[in-house]
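Residue numbers (the working numbering): 1177 to 1434.
Note that beta-carbon positions come from the ideal geometry of N, C-alpha and C, so glycine has one too.
Just so we're clear, the structure is a prediction, and the values are computed from it rather than from any experiment.
As structure tokens, then:
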């Protein structure tokens, strides 16, 4: 028959004695967790810079994460803001404002019923962190950012990193080429300004040419009028110098009477 363990026996792990042989004051839960594994100062700084409450760094959740990730917080973990509680309001904001998804679209993506999405957002049912993270990661993906109808058919080549257009002969644009677009647009604006100035100058020259032609016609008309005036003057001079024949009116009357 097994002997019964003495009731006064104590687990040595739960008994801490000081140098004088007396039992030391037991450590609090926070102290025991802190003494086990804690996050690095760099991880703490990154978490605080991303909005973490310094008190959270000493919480059970933070220490457990530090234990899992060997004393540091990966960047993607900090970006997920594990110190913030997943609520229905945050889920709805992510769905509507960040992703622009309808309730039906969100339900189809997550593989749940539409009513489930409504319960999460109404906070009548707890929102799973996995579902929230699925939407958050989707909002960060390049595929989602190219999902607007204006980018229909565009995609990023995962091997070359080029942005591929479905138009213009399947044009593929590299990042450095995209970076050069502002410079090209700047040069284009200068060229368009120069072309505008040239067009203004051409319009002015055309108007001047039209005026010159009008003046040339006026001069030709003036020359023709002068020539006509000379001919008229010559005709008048010839009329003035013509011989005038005198008629005897009395003799003529007699001849007519006889």
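The way I'd put it, the segment 1270-1288 doesn't touch the segment 1251-1262; fewer than three beta-carbon pairs between them come closer than 8 Å. In the DSSP assignment, residue 1339 is bridged to 1332 and 1349. Of all alpha-carbon atoms in 1227, 1246 and 1265, the one lying nearest the alpha-carbon of residue 1259 is that of 1227. Distance from the CA atom of residue 1358 to the CA atom of residue 1324, rounded to whole angstroms, is 23 Å. One thing to note: residue 1286 has its Cβ no nearer than 8 Å to the Cβ of residue 1315. If you compare the alpha carbons of 1230, 1215, 1300 and 1235 with that of residue 1246, the shortest gap goes to 1215. The alpha-carbon of residue 1350 is positioned some 17 Å away from that of residue 1361.
Exclusion of the five residues before and after residue 1326 leaves no residue of its chain whose Cβ lies closer than 8 Å to its Cβ. Looking from the CA of residue 1256, the closest CA among 1355, 1413 and 1306 belongs to 1306. In this structure, the alpha-carbon of residue 1333 lies about 12 Å from that of residue 1347.
For residue 1297, the number of other beta carbons within 10 angstroms of its own is at least 16, and it is reported as buried. Nearest in C-alpha terms to residue 1352, of all of 1343, 1337, 1341 and 1365, is 1337. The beta carbon of residue 1403 lies closer than 7 Å to none in the same chain, with the five residues before and after it left out. Between residue 1343 and the set 1335, 1331 and 1354, the nearest pair of CA atoms involves 1331. Here the C-alpha atom of residue 1395 lies approximately 12 Å from the C-alpha atom of residue 1387. The C-beta distance from residue 1339 to residue 1354 rounds to 7 Å, short enough to meet the 8 Å contact threshold. Collapsing the DSSP output to three states places residue 1378 in a helix. In this structure, residue 1308 sits near residue 1262, with a CB-CB distance shorter than 8 Å.
Cα atoms of residue 1281 and residue 1364: separation of roughly 42 Å, rounded to the nearest angstrom. Here the alpha carbons of residue 1264 and residue 1234 stand approximately 26 Å from one another.
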